[in-house]
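Number of protein chains: 2
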Amino acid sequence: MPRPSLKEQLLVAGLETFHRRGFNATSVQDITDAAGAPKGSFYNHFESKEALAVEAVHRYQEKGRARLAILRETRLAPLRRLRKYFETLVGLVVEAEFNSGCLLGNFASELSGQSPAVREAVAGAFELWSDEIARVIGEAQQGGAVPSGASPKALADFALEAWEGAQMRARAAKDRAPLDLFLKLTFAKILG
Amino acid sequence: MPRPSLKEQLLVAGLETFHRRGFNATSVQDITDAAGAPKGSFYNHFESKEALAVEAVHRYQEKGRARLAILRETRLAPLRRLRKYFETLVGLVVEAEFNSGCLLGNFASELSGQSPAVREAVAGAFELWSDEIARVIGEAQQGGAVPSGASPKALADFALEAWEGAQMRARAAKDRAPLDLFLKLTFAKILG
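Quick note, the sequences are listed as chains C and L, same order. Straight run, no breaks: the first sequence in my numbering ends on number 389. Straight run, no breaks: the second sequence in my numbering ends on number 389.
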């Protein structure tokens, strides 16, 4: 396998560092140090730390998209797939010991007022994520497993926002209880 | 009225600046500048920027507590009070043009991994906030307006987390739609 390019190494290191520490607590030097690259090399590849943050959002989104494959396992009922998907996400958050949360939520909180470019990348990522959740909720509604009072997109948006809030609360409490409550009440109430 | 003490001026300026820009994007000098105070005066009153952040969480919590009075207006039905309360919060977020969000959510995202002291202050503030919401949901359950399947505290936690996520998404999208969806589906689904 060829060695990853320096740009790729900086992107991977930037994503990891932003995710763990946030944007403003991370310096360009933190990123070049983490990538094992000379500091001066950064600006050959990225115009600014902000430009790297936008690319980090896109990379994070691609990684998230791979996990969405569960939602298309049509041998399972739609709600079963959706539960399996969120159970996987809960497992990842617990495994990370509540240390990093969701990069989209973190950037939305930290940078919405500071960087229009990051804010727009985050908003776009949420939109596509919610479209994927809406598709499986729509299938569940067609099969009669979810009441049809609210649109699949509205239910997907609301569930995703509840998920983001639950993660945030779990990080503050260093406790998985909000994640378990999310699983329980999303399926009993939002989709019930 | 006596002039506020320098400590009080620093606390007010710190809370406002942290809320608008976040913790790591704010320097001690930003706070002393905003308070019109000499930079050197800061450490006479606060041990560190982190210590000020903990006090800012407590002050933010006190200000939030004043708004909770709506929840005790017993001439209104419990769910009517709760809706009025969240409508007030939505109005504040929209009025602020999605610029600052919720300090508790922002700090939970930005500082949970960085500052145990801030994390614990935030977790405590969420706990008390959720207790207040749970009390009015409990009243609504007793009156039969909310189904009694889930405990008032679980429903309050879930609603608050959905609220935090909705605010975060509204900031990313610069759009009130997630807040309106929160109002609609919290009462139709979580408490319906």
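C-beta: ideal position from N, C-alpha, C; glycine also. A quick note: this is a predicted structure, and the numbers were derived from the prediction, not measured.
Straight-line measurement puts the Cα of L/T271 at about 13 Å from the Cα of L/I334. Closest option to C/L301, judged by alpha-carbon separation, among L/L300, L/S297, L/S306: L/S306. Within the stretch 341-353 of chain C, G346, A347, A351, L352 place their CB atoms closer than 8 Å to a CB of chain L, listed in sequence order. Between the stretch 356-366 of chain L and the stretch 362-378 of chain C there are three or more inter-stretch CB-CB distances shorter than 8 Å, so the stretches are counted as touching.
Shown here, C/Q311 sits in coil according to DSSP, grouped into three states, outside any helix or strand. In the three-state reduction of the DSSP assignment, L/A351 falls in the helix class, which pools H, G and I. L/G219 reaches chain C at N221, E307, counting residues in chain order whose Cβ is nearer than 7 Å. Of the residues C/G288, C/L276, C/L352, the one whose Cα lies closest to the Cα of C/G341 is C/L276. Between C/A369 and L/S327 a beta carbon distance of about 12 Å is seen, past the 8 Å cut, so the two are scored as non-contacting. Among the CB atoms of chain L, one or more fall inside 8 Å of the CB of C/R366. One finds G362 in chain C with Cβ atoms closer than 8 Å to the Cβ of L/W360, taken in chain order. At a cut-off of 8 Å between C-beta atoms, C/A337 does not count as an interface residue with respect to chain L.
L/V225 sits away from L/F304, with the two beta carbons spaced by 8 Å or more. Rounded to the nearest whole angstrom, the C-alpha separation of C/E358 and L/R200 is 43 Å.
For the options L/K281, L/R316, L/L286, L/A248, the alpha carbon positioned closest to that of L/L376 is the one of L/L286. Sequence-distant Cβ neighbours of L/A314 in its own chain, meaning closer than 7 Å and more than five residues away, are E247, V251. With contact defined as three or more Cβ pairs closer than 8 Å, the stretch 230-246 of chain L and the stretch 232-242 of chain C are not in contact. Its chain contains A234, S238, H242 as the residues whose beta carbon lies nearer than 7 Å to that of C/L203, once the 5 sequence neighbours on both sides are disregarded; these appear in chain order. Interface flag for L/L378 against chain C is set, since a Cβ pair is found closer than 8 Å.
CA-CA distance, L/F379 to C/F384, rounds to 17 Å. According to the DSSP assignment, L/P375 belongs to the alpha helix (DSSP H) that extends over 374-382.
Just measuring C-alpha positions, the residue of L/Y282, L/Q311, L/V343 sitting nearest L/N221 is L/Q311. Nearest to C/E244 by alpha-carbon distance, out of C/E284, C/L208, C/A374, is C/L208. L/P275: member of the alpha helix (DSSP H) spanning 275-292, first to last residue. Separation of the CB atoms of C/Y257 and C/L212 is rounded to 6 Å, and the pair is thereby assigned contact status at 8 Å. Pairing C/E336 with C/L265 gives a Cβ-Cβ distance that is not under 8 Å. Taking a beta-carbon distance threshold of 8 Å, L/F295 counts as an interface residue toward chain C. DSSP, read as helix, strand or coil, puts C/G321 in helix.
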